[in-house]
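Contents: one structure, followed by commentary.
4 protein chains.
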Amino acid sequence: MAGVNKVILLGNLGKDPEVRHLENGRAVANFSIATSETYKNKQGEKVTNTEWHNVVLWTPLAEIAEKYLNKGNQVYIEGKLTSRSYEDKDGVTKYITEVVGREMTLLGGPSRPEGASPAADNSTSNNQASSDPAPVEESNEIDDLPF
Amino acid sequence: MAGVNKVILLGNLGKDPEVRHLENGRAVANFSIATSETYKNKQGEKVTNTEWHNVVLWTPLAEIAEKYLNKGNQVYIEGKLTSRSYEDKDGVTKYITEVVGREMTLLGGPSRPEGASPAADNSTSNNQASSDPAPVEESNEIDDLPF
Amino acid sequence: MAGVNKVILLGNLGKDPEVRHLENGRAVANFSIATSETYKNKQGEKVTNTEWHNVVLWTPLAEIAEKYLNKGNQVYIEGKLTSRSYEDKDGVTKYITEVVGREMTLLGGPSRPEGASPAADNSTSNNQASSDPAPVEESNEIDDLPF
Amino acid sequence: MAGVNKVILLGNLGKDPEVRHLENGRAVANFSIATSETYKNKQGEKVTNTEWHNVVLWTPLAEIAEKYLNKGNQVYIEGKLTSRSYEDKDGVTKYITEVVGREMTLLGGPSRPEGASPAADNSTSNNQASSDPAPVEESNEIDDLPF
DNA sequence: TTTT
DNA sequence: TTTT
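Protein chains in written order, with the UniProt record's numbering: chain S, 1 to 147; chain H, 1 to 147; chain G, 1 to 147; chain F, 1 to 147.
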């Protein structure tokens with residue numbers, strides 16, 4: 001009745017995170033990240049296999065995701081596997097498996113802060129975030145950010 | 001197009017593995033394992049939170065699971081997260097997230113090797129497996145078993 | 001200035017832990033654990049390769065190690081790699097690399113704590129120990145033990 | 001006599017890798033990477049704690065390191081902890097602990113692809129490496145590189 | 001010796 | 001839905 005439940009992901013966000021601020025002051029971020037592996041099949045063709053993972057972050061990681069994570073960004077997440085059921089809008093019970101993150105390191109990504117944003121982006125802090133990967137533990141205060 | 005997708009589980013089997021032997025000679029094992037964490041809530045009560053994980057093993061791990069893993073046994077699994085959809089018997093599309101194991105270490109379980117099991121336990125191979133934990137990589141031959 | 005530093009070990013203690021209780025109330029446990037891998041070499045001979053790891057635990061994990069870990073026991077440790085130098089008794093500077101544990105799960109092992117000799121073993125608590133492994137985080141109180 | 005021995009590192013190279021090509025055709029790469037954690041001490045001051053790790057890579061990872069890894073680059077390494085002794089040039093026995101990598105993902109580094117480097121950056125391969133993270137398993141052929 |  |  002005890003054990004280890006650990007997930008380690010390093011991948012790219014499919015979309016911007018969705019962040020909800022709850023009444024109790026906490027925040028939750030939801031997003032999915034893709035991890036891909038490439039190999040050659042028997043015919044010698046390169047095959048890419050992509051998995052999508054549902055990630056959930058709570059305060060204070062949720063606020064960090066809100067500020068610094070965007071579609072396409074690369075991120076390292078350590079967390080645990082959880083499953084839960086919910087009723088969809090038609091009253092059908094659905095099951096979902098999610099990775100609840102407890103540690104996160106921002107790694108940047110293709111849509112780089114350095115002016116890569118579609119609109120103008122001259123945010124200094126944003127630049128720092130990607131050139132200075134930010135490891136954050138859930139237990140840290142949000143203002144403990146190392147950047 | 002790259003990344004890390006790693007899951008580490010240490011838990012107990014909810015049931016005996018279900019093993020299917022495919023026509024191509026490969027085998028697949030399916031089982032679920034529980035990982036639990038215990039903590040005290042604000043009221044100081046001990047709370048246990050259990051997660052169930054769907055595990056899939058392919059040859060040669062599947063055969064090892066078939067021989068040595070039983071309901072209640074404790075096992076260490078390293079693998080990757082995968083999701084897939086399938087149609088259930090009513091034609092409804094279902095989604096399932098599974099951990100495909102690539103490394104496994106048998107740890108024994110409640111029916112301990114030392115004859116500690118309250119009821120009769122005359123499984124010799126089971127005893128061996130738990131007193132000599134067997135780390136097995138998917139790439140190993142099945143007769144490479146270290147016990 | 002950021003990163004991930006994670007070690008995951010599952011092995012057996014070479015000796016009983018050495019535990020020191022510091023003046024400030026904290027405790028430190030030192031022990032080493034062996035992890036082995038077995039494979040067949042080109043000649044088809046079974047080869048076992050054993051690595052020894054220096055493990056350091058601080059309060060409250062140190063006290064748990066003191067109470068429940070013994071030579072031969074199997075344990076799961078998650079922690080981080082650290083290196084430090086010190087002067088040995090001859091004044092020579094030595095370097096040592098250690099794994100500082102932050103999470104631990106007791107798995108039992110051959111020489112069971114409660115006098116579980118290979119002969120008669122009807123210890124109930126022993127059974128519990130193995131069927132209810134104890135995962136402990138460094139942040140837990142020592143009396144949060146799930147057993 | 002079995003177990004798990006796993007190290008996961010995400011950090012930056014202190015220097016360019018040193019790569020030796022052995023007579024048997026294999027290559028070995030040696031380098032060290034830094035992982036840092038930042039926290040606030042009791043006085044509220046930001047403290048950075050850096051650990052250095054000796055990394056060893058064998059063919060084919062060694063060749064990839066030779067081509068794509070440079071001082072300052074950020075890299076993800078999964079491997080195992082190993083220790084060995086050797087005699088230094090004065091005949092003194094020394095001990096060293098190393099991480100032998102079995103999986104590697106290139107993450108780029110401070111000299112970002114998008115010309116973010118303050119000085120001139122005309123390394124094409126470096127650009128590719130960081131904008132297209134390369135996960136490589138030791139078992140892959142060197143020409144299986146996903147880029 | 002890196003990185004911010 | 002990402003990334004190369």
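Even glycine gets a Cβ: it sits at the ideal position worked out from N, Cα and C.
- Going by C-alpha positions, E103/F is about 8 Å away from L61/F.
- Nearest Cα to T82/F within the set G72/F, L57/F, Y76/F and V100/F: V100/F.
- For F31/F, the CB contacts under 6 Å within the same chain, skipping 5 residues up- and downstream, are L13, P17 and V55 in chain order.
- Under DSSP, the beta-bridge partners assigned to V56/G are N30/G and V100/G.
- Q74/F has N12/F and G108/F as its beta-bridge partners, per DSSP.
- At a cut-off of 9 Å between beta-carbon atoms, G79/F makes no contact with chain H.
- For E63/H, the uninterrupted alpha helix (DSSP H) segment begins and ends at L61 to Y68.
- Inter-residue distance for K15/F and A29/G is about 35 Å (C-alpha atoms, whole angstroms).
- In the three-state DSSP reduction, G79/G falls in the strand class (E or B).
- The DSSP-derived three-state label of K46/G is strand.
- In this structure, K6/H lies near V7/S, with their beta-carbon atoms less than 9 Å apart.
- The DSSP-derived three-state label of N5/S is strand.
- By the beta-carbon neighbour count (other beta carbons within 10 angstroms, threshold 16), I33/G is buried.
- In this structure, the beta-carbon distance from T50/H to L10/H does not fall below 9 Å.
- The beta carbon of E66/S sits closer than 8 Å to those of P17, V19, A27 and A29, all from its chain and outside the five residues before and after it, given in chain order.
- For V4/G, the closest Cβ of chain S is nearer than 9 Å.
- The continuous beta strand (DSSP E) containing E18/H extends over residues E18 to H21.
- At a beta-carbon threshold of 7 Å, none of the residues of chain S lie near G72/H; the nearest stands roughly 11 Å away.
- Residue-level contact by beta carbon holds for S83/F and chain G, with a gap shorter than 9 Å.
- Annotation: Cβ neighbours of Y76/S in chain G (cutoff 7 Å, chain order): V4.
- With at least 16 other beta carbons inside 10 angstroms of its own, E98/S counts as buried.
- Close to chain H, meaning a Cβ-Cβ distance shorter than 8 Å, are the following residues of the stretch 5-30 of chain G: I8 and L10.
- One Cα belongs to K40/H, the other to V47/H, and the distance between them is close to 6 Å.
- The beta-carbon of A34/F is placed less than 9 Å from the nearest beta-carbon of chain G.
- Annotated three-state conformation of K94/F is strand, per DSSP.
- Chain-order list of chain F residues neighbouring T105/H: A2, G3 and V4, by C-beta distance under 8 Å.
- Residue pairing of K40/F in beta bridges, as defined by DSSP: K46/F.
- Across the set W58/G, W52/G, E45/G and A2/G, the C-alpha of W58/G shows the shortest separation from the C-alpha of H21/G.
- Here the alpha carbons of G108/G and G72/H stand approximately 15 Å from one another.
- Contact of T97/S with chain H by beta-carbon distance below 7 Å involves T97.
- When Cβ-Cβ separations below 9 Å define contact, W58/G makes no contact with chain F.
- By the 16-neighbour rule on beta-carbons within 10 angstroms, T93/H is exposed.
- CA-to-CA, the gap between W52/G and S85/G works out to about 19 Å.
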